[in-house]
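Here the structure is laid out as structure tokens; the discussion comes afterwards.
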Amino acid sequence: MQAGNKMETETRQCNRCKQDFDLDQDDFSFYEKMKVPAPNICPDCRFKMRALWRNEMSLYSGRKCDLCGKGIITMYNPKLPYTIYCYDCFYSDKWDPKDYAQDYDKSKPFFEQMNNFLIKVPKINLGLSFGDGVNINSEYTNMASGCKNCYLVFNTSPAEEVMYSRGVKKGLDASDIYFGVGFERCYECINVQESANVFWGQNVSGCVDSQFILNGSGLTNCFGCMNLRNKSNCFFNEQLSTDEYSKRINEIKGSYKKSEEFKKQFQEFCKTLPRRANNNLKTVNSTGDYLNECRNVKDSFEVAKGENSRYIFSSKMTKDSLGTIGYGTNSELLLEVVATGYCNNVIGSYWAEHSRDILYSFYIANCQDCIGCDAVRHAKNSIFNREYSKQEYEEIKEHIVKELTDLGIHGLMMPPEIAPFAYNETIAQDNMPLSKEQALAQGFRWEDDIQMTTRKETILPNQIPDHIKDITDSITHEILRCIDCERNYKITEQELLFYRKMVLPIPRKCFFCRHKDRVIRRGPFKFFIRKCDNCGEETNTNLTKEVAPIMYCEKCYQQEVI
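In the numbering used here, the protein residues as written are 76 to 637.
Structure (structure tokens):
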């Protein structure tokens with residue numbers, strides 16, 4: 076996305092939400108490189124369209140593999156018309172995706188044919204790949220590989236003995252993590268790196284045996300601290316003796332009531348100190364949050380080692396791309412894609428791997444020059460899984476591109492009408508939440524029947540013992556009720572062992588509400604200009620005055636705080 080020289084910044088009105096948005100020279104240059112027209116859909120609406128293809132956490136049980144009959148967990152709602160195969164059957168030689176090939180009909184709209192084709196071709200039950208190895212004893216995982224003894228873990232690889240987490244890389248013996256690398260024995264953390272025994276931490280690096288930490292590095296035995304580096308035995312940033320420190324924290328550890336009280340105190344304490352405008356590290360000419368070693372990456376979130384890209388979400392090592400969600404590894408020239416990696420020149424597709432020159436395809440690998448393909452491997456010059464001569468392929472491609480260009484949708488993600496998931500089943504709801512009425516008004520499907528259990532509790536929240544030392548093994552046989560959404564949930568044996576070992580109280584919220592809380596703590600996927608409270612310089616941030624009354628730009632934070 077290098078700067079172009081043909082057009083100045085242009086303001087357009089979004090065809091979906093009717094809000095104005097800007098396209099700059101870099102945008103126009105990139106769209107020209109990708110040979111697509113510049114969009115008439117704003118960045119937020121394009122994100123929603125992509126996110127509609129990524130269901131990570133809405134899982135359904137009670138279904139059987141349509142090939143072998145084995146009971147499976149799936150990300151596809153049972154009411155959908157898809158044929159679903161288990162992992163073993165999907166990757167077996169018992170079937171061939173090319174047997175489902177269909178001819179392209181020039182008299183019918185492309186995406187109408189694509190919709191019928193997607194329904195016909197079998198789908199894998201969950202988003203599982205070979206990336207970091209097979210999953211072992213980790214049935215309840217999605218968008219994951221290389222997981223061992225993991226439970227309700229998403230967008231993760233590899234990990235071992237990890238529960239209730241998203242975005243983990245090389246995690247061990249941990250629970251309730253959002254975005255972390257190289258950690259062990261951690262709990263309720265956001266953006267934790269190379270740390271151990273850290274609970275309720277955010278933006279933590281190289282820390283050990285610490286709790287309630289915000290923006291900490293190199294800490295040992297710290298509790299309720301913010302903006303500290305290389306300290307030990309600190310409580311609310313105050314240096315204590317070893318004995319006094321132990322006395323104070325032992326009064327809190329293990330108690331649900333005292334932990335919740337301290338959590339509120341810590342939140343108020345953090346509002347008295349400066350927050351850095353973003354959590355970016357080693358970035359150059361980049362805007363967004365949680366960017367690590369990025370160069371010329373704009374309006375992006377949770378990106379590692381990206382370059383010359385814009386509107387990237389939760390992708391790694393992506394270059395010269397615009398509008399991606401997930402994966403991204405060693406790829407370039409990606410446009411409006413989801414879960415696509417090791418690819419070159421891919422547009423509007425879901426889960427393409429090791430492929431190039433792909434348009435509007437679904438779950439393909441090692442392919443080249445494909446349009447509208449599903450589940451194929453090693454395909455070439457193919458449309459709807461049918462292979463053509465190079466000349467025939469190019470002629471049909473020209474016809475499809477003209478049709479979609481005339482409709483004003485070439486270069487966008489596949490339309491919401493053919494997406495397999497409802498808005499509230501996907502990460503769209505996490506990052507740009509809508510009510511049912513709003514989602515329907517914006518043209519998205521809504522699912523009223525997401526699988527969950529309610530009103531089956533055998534123990535009420537106020538009947539759970541306050542301290543973990545008073546919890547008996549029988550808790551694993553109880554059905555609990557979430558204090559927020561009233562959804563029922565259970566405590567597994569693995570989970571109880573973890574809480575006892577770490578001296579942590581039993582959570583009173585279900586996993587889904589705890590995840591929602593972590594997303595709120597992480598901050599919104601929405602950026603705006605705010606003035607630094609130290610120097611007055613305008614800077615790009617997602618921190619509101621309510622969350623961070625005192626905000627410093629990166630330069631002032633480094634000079635005045637660190």
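Every residue, glycine too, gets a C-beta built ideally from N, C-alpha and C.
| Query | Result |
| --- | --- |
| Three CB pairs or more closer than 8 angstroms across the region 592-612 and the region 539-553 | no |
| Residues near Gly208 by beta carbon distance below 7 angstroms, same chain, minus five either side | Ser220, Gly221, Pro233 |
| Strand pairing of Cys222, partner residues [DSSP] | Ala234 |
| Euclidean distance between Cα positions of Glu561 and Glu319 | 40 angstroms |
| Continuous beta strand (DSSP E) stretch holding Lys145: start and end | Lys145 -> no beta strand (DSSP E), and no H or E assigned at all. |
| Simplified DSSP assignment, three categories, for Ile539 | coil |
| C-alpha distance - Lys145 paired with Ile534, whole-angstrom precision | 33 angstroms |
| Cut-off 7 angstroms between Cβ atoms - residues of its own chain near Cys588, not counting five sequence neighbours on either side | Cys557, Asp559, Cys560 |
| Assigned exposure category for His485 - 16 Cβ within 10 Å defines buried | buried |
| Gln466 - DSSP class collapsed to helix/strand/coil | helix |
| Nonlocal neighbours in the same chain, by C-beta distance under 8 angstroms from Asp180, ignoring five residues either side | Gln188 |
| Cβ neighbours of Ser464 in the same chain (closer than 8 angstroms, five flanking residues each side left out) | Asn456 |
| 6 angstroms Cβ shell around Asp481 - same chain, five flanking residues per side excluded | none |
| Cut-off 6 angstroms between Cβ atoms - residues of its own chain near Met218, not counting five sequence neighbours on either side | Glu131, Gly202, Phe229, Asn230 |
| Met577 - containing alpha helix (DSSP H), residue span | 568-577 |
| Cross-strand partners of Leu410 (DSSP beta bridge) | Leu397, Ile422 |
| Selected residue, minimal CA-CA separation from Glu368, among Val359, Glu411, Ser375 | Val359 |
| Backbone secondary structure at Phe103 - three-state DSSP | helix |
| Residue burial classification, His453 (beta-carbon count within 10 angstroms, cutoff 16) | exposed |
| Under 8 angstroms between C-beta atoms of Pro491 and Gly518 | yes |
| Where Ala497 sits in the DSSP three-state scheme | coil |
| Range of the contiguous beta strand (DSSP E) that encloses Asn18 | The structure shown does not extend to residue 18, since the chain spans only 76 to 637, so no value can be given for it. |
| Segment contact flag, the region 391-411 with the region 100-111, C-beta cutoff 8 angstroms, min 3 pairs | yes |
| Alpha-carbon to alpha-carbon, Tyr498 and Tyr574 | 34 angstroms |
| Alpha-carbon to alpha-carbon, Ile439 and Leu572 | 40 angstroms |
| Cα-Cα separation, Ala690 to Cys161 | Here the chain has residues from 76 to 637 only, and residue 690 is not among them. |
| Exposed unless 16 or more other CB atoms sit within 10 angstroms - verdict on Asn305 | exposed |
| Test item: CB-CB of Gly291 and Val279 under 8 angstroms | yes |
| Rounded straight-line distance, which links the Cα of Leu579 to that of Met238 | 15 angstroms |
| Beta-carbon spacing of Phe298, Ile324 below 8 angstroms | yes |
| Given Lys93 as reference, the closest of Glu570, Ala516, Asn272, Lys195 once Cα atoms are compared | Ala516 |
| Residues of its chain near His429, where Cβ-Cβ distance is below 6 angstroms and the 5 sequence neighbours each way are ignored | Tyr417, Ala440, Asn441 |
| Whole-Å CB distance - Gly381 paired with Thr362, under 8 angstroms assumed | Actually they do not touch by this definition, with Cβ atoms about 12 angstroms apart. |
| CB contact flag (Arg241, Leu487, <8 angstroms) | no |
| Span of the beta strand (DSSP E), counted from its first residue to its last, around Cys445 | 443-446 |
| Sheet register partners of Ser384 (DSSP bridge) | Val372 |
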